[in-house]
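Colleague: The structure follows.
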């Protein structure tokens, strides 16, 4: 670390940044080529800032030193963010109002469409996208037409016979 800047106070501005970055510093950090800037203490929790700032500083040092951000459990992290944003789907309500949709959200492939069903950024097409996602997943694999002729049955029977012979040979 070359420089440590103590920016204490309550005004959220960054006068130590170049002017072109100062205008971009809102709630979104400006993407840097290398992880070289940490604003410790900017995220506040319920409680004393000291403990949180210490952990943020330790995390920043780890990122700077190892060039490797802390890994999180993907699904639980996304669920936490969705809950805080107000976009986490209510599965029980979905089961009562749209059982087919609820089953797809609960048991189907995980996609971000479920976080567009309600809350900020709600998308009217999310329901249809969830209900048709399996068809869209398999569609690229259906690029050639396979005929239903008897030669396919013969080749299928031959494949089964070969698999049985190979399985018996392994025993």
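Numbering (UniProt numbering), first residue to last: 1 to 171.
Think of the CB as a built atom: it goes at the ideal place given N, C-alpha and C, for glycine as much as any other residue.
Suppose only complete runs of 4+ residues qualify. What are the alpha helix (DSSP H) ranges in the region 48 to 125, listed by chain order?
Modeller: 49 to 66, 74 to 85, 91 to 97 and 99 to 107
Colleague: Whose C-beta lies closer than 8 Å to the C-beta of residue 79 among residues of the same chain, with five residues either side of it excluded?
Modeller: Cβ neighbours of residue 79 within its own chain (closer than 8 Å, five residues either side excluded): 88.
Colleague: Going by C-alpha distance, which of 53, 46 and 49 is nearest residue 38?
Modeller: Ranked by Cα distance from residue 38, the first of 53, 46 and 49 is 53.
Colleague: At which residues does the alpha helix (DSSP H) containing residue 142 begin and terminate?
Modeller: Per DSSP, residue 142 belongs to no alpha helix (DSSP H) and is neither H nor E.
Colleague: Would you call residue 164 buried or exposed, if buried means 16 or more other Cβ atoms sit within 10 Å of its Cβ?
Modeller: Around the CB of residue 164, fewer than 16 other CB atoms lie within 10 Å, so the residue is classed as exposed.
Colleague: Spatial neighbours of residue 108 within its chain, please: CB distance less than 8 Å, with the 5 preceding and 5 following residues excluded, ordered by chain position.
Modeller: 130, 133 and 134
Colleague: Excluding the 5 residues flanking residue 113 on each side, which residues of the same chain have their C-beta closer than 6 Å to its C-beta?
Modeller: 126, 129 and 130
Colleague: Roughly how many angstroms lie between the CA atoms of residue 100 and residue 160, to the nearest whole one?
Modeller: 36 Å
Colleague: Using C-beta distances below 8 Å, list every residue in its chain close to residue 66, excluding the 5 sequence neighbours before and after it, in chain order.
Modeller: none
Colleague: Whole angstroms are fine: how far does the CA of residue 111 sit from the CA of residue 18?
Modeller: 39 Å
Colleague: Using 8 Å as the threshold, is the C-beta distance between residue 94 and residue 105 below it?
Modeller: Yes, they are a contact pair.
Colleague: Can you tell me which of the three DSSP states residue 41 falls into?
Modeller: Under the three-state reduction of DSSP output, residue 41 falls in the coil class, being neither helix nor strand.
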